[in-house]
Amino acid sequence: MWCMEPSERYSAEELWDADNAFTTCDDADLRLLVAKALSRAPKEVADFVYCECLLQVVRMSDKGVYFSARDWGRDHHIIFSEALFGDAEDQAIETILHEVAHAYCRHVQPRCHPELSVEQTMAQEHEADEVAAGWLEMSTEAFTSRRLSGGASDEDTSGE
Ligand SMILES: [Zn+2]
């Protein structure tokens, strides 16, 4: 990864338009943050997200809403809590890219796979950090320690 030519990136403006209010479920704050995050990752990662992923913050004015799998039409669903917006922007971007890396690597959700060992879960976490750090052209160690510096609310305490 380190010996590759730096990959091309889309601009945050191009990615904002690509979202079309769908990929981030019509949440303008998330749409902007995801566009900024993916402007720092290679184009193929952004293409993957805007074609195959849905990203959502669980906060909405509706009391309930229904979607079928066909409505989603996407293979990967990433959910954020509002705590994402309480972090500094760089840290929020790192959280987004970490979750996108889980999807990009086709990891599985440990809560749905109780057969996964702790070691397998930790290996997924490490790989997600390694891949996201590569997109940002930084070391995995620096990425992991910065991403986790936000405290106990981080999902990695439960291995997600
Ligand atoms: Zn994770």
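So that you can map any letter, position 105 of the sequence shown is 1581 in this note's numbering, and since no number is skipped, the others follow by simple counting.
Ideal placement from N, C-alpha and C gives every residue a C-beta, glycine not left out.
* For Tyr1526, does the count of other Cβ atoms within 10 angstroms reach 16, so buried, or fall short, so exposed? -> With 16 or more other Cβ atoms from the protein chains shown falling within 10 Å of its own Cβ, Tyr1526 counts as buried.
* C-alpha gap between Arg1623 and Leu1508, whole angstroms -> Spanning the two alpha carbons is a distance of roughly 19 Å.
* Give the range of the alpha helix (DSSP H) segment to which Gln1596 is assigned. => Start and end: Val1594 to Trp1611.
* Closest Cα partner of Glu1558 within the set Ala1504, Ala1511 and Glu1528 -> Scanning Ala1504, Ala1511 and Glu1528 for the CA closest to the CA of Glu1558 turns up Ala1504.
* Member of Trp1548, Arg1587, His1553 and Ala1488 whose CA lies at the smallest distance from the CA of Val1576 -> The option with the nearest alpha carbon to Val1576 is His1553.
* Asked: With C-beta atoms as the reference, is Trp1611 less than 8 Å away from Ala1522?
  -> Ala1522 sits away from Trp1611, with the two beta carbons spaced by 8 Å or more.
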